[in-house]
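Residue numbers (the working numbering), protein chains in the order written: chain H, 198 to 466; chain F, 275 to 517. Cβ coordinates follow ideal geometry from the N, Cα and C atoms, glycine included.
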Amino acid sequence: MTRREHYEQQQRRKSLIIAAISTIFVVVAVIIFVPMTPGWEKVQKSFFNATVLAKTFPKLLDAFKVNIMIFAWSAPAIAVLGLMIALARDAKAPALFPLRIFGAAFTDIFRGVPVILTVYLIGFGIPGLGLPRPWNSPFIWGSLALILTYSAYVAEIFRAGIDSVHPSQRSAALSLGLSERQVMRDVILPQAVRNVVPSQMNMLIALQKDVSLLSFIGPVEIFRQAGVYKSLFANFTPYVGAAIIFLIVTIPATRYADYLMARQMRERR
Amino acid sequence: MQKLELHNVIKRFGNNTVCNGINLNVEQGQMVCLIGASGAGKSTLLRCINLLEPIEDGEIFLDGKDISLPGLNPQSVRSKIGMVFQSFNLFPHMTAFENAILAPKRTSGISKSQLNFEIEMLFERFDLAERMHNYPDQLSGGQQQRVAIVRALAMKPEVMLFDEITSALDPQLVGEVLDVLLQLKNQGMTMVLATHEMQFAQQAADKICFLKDGKIVEEGSATEIFNRPKKAATKAFLTRALK
């Protein structure tokens with residue numbers, strides 16, 4: 198072992214010990230002090246009730262399938278619409294000017310209104326037109342509200358991705374005699390999309406959580422189902438159960454997004 | 275008739291006049307080197323010839339046809355004039371082969387198998403067949419620049435523009451790229467180079483133009499420019515450049 202390796206090993210050992218001690222200290226403090234609070238027993242009973250959790254957990258998982266379903270059809274629609282809006286906003290031809298205005302208005306409006314408001318307005322408003330079944334389904338209009346809102350954000354991310362491709366790539370592609378369209382499709386977009394994958398992953402995670410907002414206009418998904426059980430058992434544990442189910446999905450997804458982000462940073466260097 | 279003819283070309287960026295009335299004739303099969311300090315307007319001039327930058331005034335003729343006419347579709351012009359850049363500008367998401375085949379695949383009507391064959395031959399010709407299916411980041415700088423040359427040649431251009439193509443390379447990689455230029459010259463390609471490789475220009479160029487402040491101060495054969503420069507500015511530049 199060289200001098201330097203020896204020194205580094207010592208340093209690593211030292212920081213490991215310090216990290217372990219400080220973690221143990223914090224954990225012990227939480228274990229000792231939280232139960233000392235006056236309301237702890239009540240909170241424990243109403244939020245961390247093992248019997249209630251065991252009873253409701255399978256049903257909550259069932260309800261989570263609704264979330265997954267809504268997510269599964271919304272996500273591809275968001276990707277397509279978001280990309281279309283991004284391209285529309287950069288359209289150069291004068292005939293496409295209305296499209297550009299529309300794209301700008303679209304992103305301004307749907308980024309400016311809280312998701313829950315959009316869900317309410319579209320989810321209650323459009324079925325209010327008296328449409329026949331199945332066109333009055335809150336599933337359809339609630340999903341549309343999510344699709345519109347998220348497309349606005351996703352479009353902005355795509356646009357940032359397009360801007361992140363160095364202009365010299367465009368010059369090189371144009372100098373080969375490719376048209377503006379071909380340059381965008383073959384050279385700029387593939388690189389732009391690749392650049393924004395980590396950011397778009399984060400949007401997917403946010404969408405997965407925001408699907409729950411649809412519960413306010415009808416669909417019985419996991420949050421709504423948890424609410425039903427809360428009333429039934431007069432206990433908040435089903436909400437904790439729902440949170441656990443969300444985390445089972447979102448933690449690996451978040452880790453993966455972070456991994457992609459870190460890898461991209463490495464490649465840029 | 276000249277292959278390429280520039281007549282009083284003026285290019286401005288805002289108030290900054292980068293090309294200030296440039297006249298230049300390039301004959302078929304000639305290799306013309308543009309020399310001069312950074313910022314003299316060499317690169318911009320090449321970009322103007324390839325219609326990557328619109329010019330303010332003047333005309334550019336290719337085979338006697340005015341290609342600088344405002345409103346002209348630049349695509350057909352660019353497919354006749356190839357360009358290679360200082361920083362290679364290969365498309366990083368494509369292999370060397372895909373880089374080269376993209377433009378002809380999109381713009382020429384040649385069948386896919388014929389095109390594949392032609393591009394393979396091109397890689398073969400420039401000794402790159404082995405690295406053909408590598409991605410740009412798996413290639414050395416010299417190889418990348420040679421691939422960029424192959425990519426431009428894949429469009430079968432009549433004129434090639436080279437914008438300081440060795441400036442971003444490690445010194446030991448410069449040679450292989452310059453060899454490709456000589457190979458092209460021997461095959462009769464018409465070429466315009468912006469370059470800092472004075473030795474190469476001296477040996478290979480048919481004509482050398484010295485640019486300063488957006489103007490061609492002096493032009494002539496390599497011997498005329500390097501051995502008997504007439505203008506003081508040319509002398510001063512060469513003294514510094516050849517040090």
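CA nearest to the CA of residue i, picked from the options
{"i": "Thr410(H)", "options": "Pro395(H), Gly374(H), Leu373(H) and Ala342(H)", "result": "Residue identity check: residue 410(H) is Leu in the sequence provided, not Thr. For the residues Pro395(H), Gly374(H), Leu373(H) and Ala342(H), the minimum Cα distance to Leu410(H) belongs to Ala342(H)."}
{"i": "Val394(H)", "options": "Gln422(H), Ala431(H), Arg356(H) and Gln207(H)", "result": "Arg356(H)"}
{"i": "Val384(H)", "options": "Ala370(H), Glu205(H), Ala247(H) and Tyr426(H)", "result": "Ala370(H)"}
{"i": "Arg286(F)", "options": "Asp331(F), Cys307(F) and Met465(F)", "result": "Asp331(F)"}
{"i": "Gln457(F)", "options": "Leu485(F), Arg502(F) and Phe400(F)", "result": "Phe400(F)"}
{"i": "Glu358(F)", "options": "Gly288(F), Glu492(F), Gln304(F) and Ser441(F)", "result": "For the record, residue 358(F) in the displayed sequence is Val; it is not Glu. If we check each option's Cα against that of Val358(F), Ser441(F) comes out closest."}
{"i": "Phe345(H)", "options": "Leu328(H), Leu314(H) and Pro295(H)", "result": "Correcting the residue identity first, residue 345(H) is Leu in this sequence and not Phe. The residue with the shortest Cα to Cα distance from Leu345(H) is Leu314(H)."}
{"i": "Val174(H)", "options": "Ile267(H), Arg200(H), Gln241(H) and Phe245(H)", "result": "In this structure chain H extends from 198 to 466, so residue 174(H) is not present and cannot be described."}
{"i": "Ala251(H)", "options": "Ala459(H), Asn432(H), Thr447(H) and Tyr453(H)", "result": "Asn432(H)"}
{"i": "Ile448(H)", "options": "Ala459(H), Met398(H) and Pro311(H)", "result": "Met398(H)"}
{"i": "Ala260(H)", "options": "Ala459(H), Ala288(H), Gly279(H) and Gln422(H)", "result": "Gln422(H)"}
{"i": "Gln241(H)", "options": "Val437(H), Arg460(H) and Phe443(H)", "result": "Val437(H)"}
{"i": "Phe254(H)", "options": "Ile441(H), Asp455(H) and Thr451(H)", "result": "Ile441(H)"}
{"i": "Gly415(H)", "options": "Ala216(H), Pro335(H), Arg308(H) and Val362(H)", "result": "Pro335(H)"}
{"i": "Lys486(F)", "options": "Ile296(F), Asn289(F) and Met275(F)", "result": "Ile296(F)"}
{"i": "Pro387(H)", "options": "Ile402(H), Ser368(H) and Ser361(H)", "result": "Ser361(H)"}
{"i": "Pro364(H)", "options": "Gly416(F), Phe362(F), Ile393(F) and Val292(F)", "result": "Phe362(F)"}
{"i": "Pro431(F)", "options": "Gln446(F), His367(F), Gly449(F) and Gly462(F)", "result": "Gly462(F)"}
{"i": "Gly356(F)", "options": "Gly310(F), Lys386(F), Leu346(F) and Leu325(F)", "result": "Leu325(F)"}
{"i": "Arg514(F)", "options": "Ser495(F), Ser312(F) and Gln302(F)", "result": "Ser312(F)"}
{"i": "Asp411(F)", "options": "Asn347(F), His367(F), Pro348(F) and Arg380(F)", "result": "His367(F)"}
{"i": "Ala403(H)", "options": "Ala450(H), Lys427(H), Ala288(H) and Glu377(H)", "result": "Ala450(H)"}
{"i": "Ala459(H)", "options": "Phe443(H), Gly424(H), Val425(H) and Asn392(H)", "result": "Asn392(H)"}
{"i": "Gly424(H)", "options": "Val263(H), Lys289(H), His203(H) and Leu257(H)", "result": "Leu257(H)"}
{"i": "Pro348(F)", "options": "Arg286(H), Glu238(H), Asn246(H) and Ser368(H)", "result": "Ser368(H)"}
Exposure of residue i, with buried meaning 16 or more beta-carbon neighbours within 10 Å
{"i": "Gln418(F)", "result": "buried"}
{"i": "Val231(H)", "result": "exposed"}
{"i": "Leu429(H)", "result": "exposed"}
{"i": "Gln405(H)", "result": "buried"}
{"i": "Gln379(H)", "result": "buried"}
{"i": "Ser219(H)", "result": "exposed"}
{"i": "Ser353(F)", "result": "buried"}
{"i": "Val408(H)", "result": "buried"}
{"i": "Pro329(H)", "result": "exposed"}
{"i": "Phe391(F)", "result": "exposed"}
{"i": "Lys481(F)", "result": "buried"}
{"i": "Phe371(F)", "result": "buried"}
{"i": "Arg463(H)", "result": "exposed"}
Under 7 Å from the C-beta of residue i: neighbouring residues of chain F
{"i": "Ala369(H)", "result": "Phe359 and Asn363"}
{"i": "Val384(H)", "result": "Phe365"}
{"i": "Ser376(H)", "result": "Gln349"}
{"i": "Ser365(H)", "result": "Phe359, Ser361 and Asn363"}
Chain-ordered chain H contacts of residue i [CB-CB under 7 Å]
{"i": "His407(F)", "result": "Here the premise fails: no neighbours, minimum Cβ distance about 18 Å."}
{"i": "Ala370(F)", "result": "Those do not exist, as Ala370(F) stays about 14 Å from chain H at its closest Cβ, beyond 7 Å."}
Other residues of its chain near residue i: CB distance less than 6 Å, five sequence neighbours each side excluded
{"i": "Asn373(F)", "result": "Leu364, Phe365 and Arg425"}
{"i": "Val249(H)", "result": "Phe430, Asn432 and Thr434"}
{"i": "Tyr453(H)", "result": "none"}
{"i": "Ile423(F)", "result": "Val358 and Val454"}
Residue i: contacting residues in chain F (beta-carbon distance under 8 Å)
{"i": "Arg391(H)", "result": "His367"}
Neighbour list for residue i in chain F, Cβ cutoff strictly below 9 Å
{"i": "Gln388(H)", "result": "Phe365, Pro366 and His367"}
Neighbourhood of residue i by C-beta distance below 8 Å, restricted to the same chain and skipping five residues each side
{"i": "Glu438(F)", "result": "Lys316, Ser317, Gln360, Ala468, Thr469 and His470"}
{"i": "Ile334(F)", "result": "Leu278, Glu279, Leu280, His281, Val283, Cys322, Ile323, Asp340, Ile341 and Ser342"}
{"i": "Pro331(H)", "result": "Ile337"}
{"i": "Asn294(F)", "result": "Ile284, Gly315, Asp487, Gly488 and Lys489"}
Within chain H, the residues that residue i reaches when beta carbons sit closer than 8 Å
{"i": "Arg352(F)", "result": "Leu371, Ser372, Leu373 and Gly374"}
{"i": "Met245(F)", "result": "With chain F covering 275 to 517 only, the question about residue 245(F) has no answer from this structure."}
{"i": "Ala426(F)", "result": "Ser372 and Leu373"}
Proximal chain H residues relative to residue i, where beta-carbon distance stays under 9 Å
{"i": "Leu376(F)", "result": "Ala370, Leu373, Leu375, Gln379, Asp383 and Val384"}
{"i": "Thr381(F)", "result": "Leu373, Gly374, Leu375, Ser376 and Gln379"}
Same chain, Cβ closer than 7 Å to residue i, five either side skipped, listed in chain order
{"i": "Ile303(H)", "result": "Going by the sequence as given, residue 303(H) is Phe instead of Ile. Around Phe303(H): Ile282 and Ala349."}
{"i": "Ser171(H)", "result": "Within the shown structure, residues of chain H are numbered from 198 to 466, placing residue 171(H) beyond reach of any answer."}
{"i": "Leu278(H)", "result": "Ile344 and Ser348"}
{"i": "Lys459(F)", "result": "Met305, Met465 and Ala478"}
{"i": "Thr596(F)", "result": "Outside the displayed span of chain F (275 to 517) sits residue 596(F), for which this structure offers no information."}
{"i": "Gln461(H)", "result": "Pro395"}
{"i": "Ala428(F)", "result": "Ala374, Ile375, Ala377, Pro378, Ile393 and Leu396"}
{"i": "Ile319(H)", "result": "Trp338, Leu341 and Ala342"}
For this session: Select from the region 308-336 of chain F all residues with a C-beta closer than 9 Å to any C-beta belonging to chain C, and list them in chain order.
Result: Here chain C cannot be found, since the structure's protein chains are H and F.
- Whole beta strand (DSSP E) runs in the region 323-350 of chain H with 3 or more residues, listed along the chain? none
### Length at least 4, wholly inside the region 374-423 of chain F: the alpha helix (DSSP H) runs in chain order
386-399
* To do: Identify every run of the alpha helix (DSSP H) within the region 382-410 of chain H, keeping only runs that are complete inside it and at least 4 residues long; order them along the chain.
  => 386-407
field: Runs of alpha helix (DSSP H) wholly within the region 291-377 of chain F (minimum 4 residues, chain order)
entry: 316-323 and 348-352
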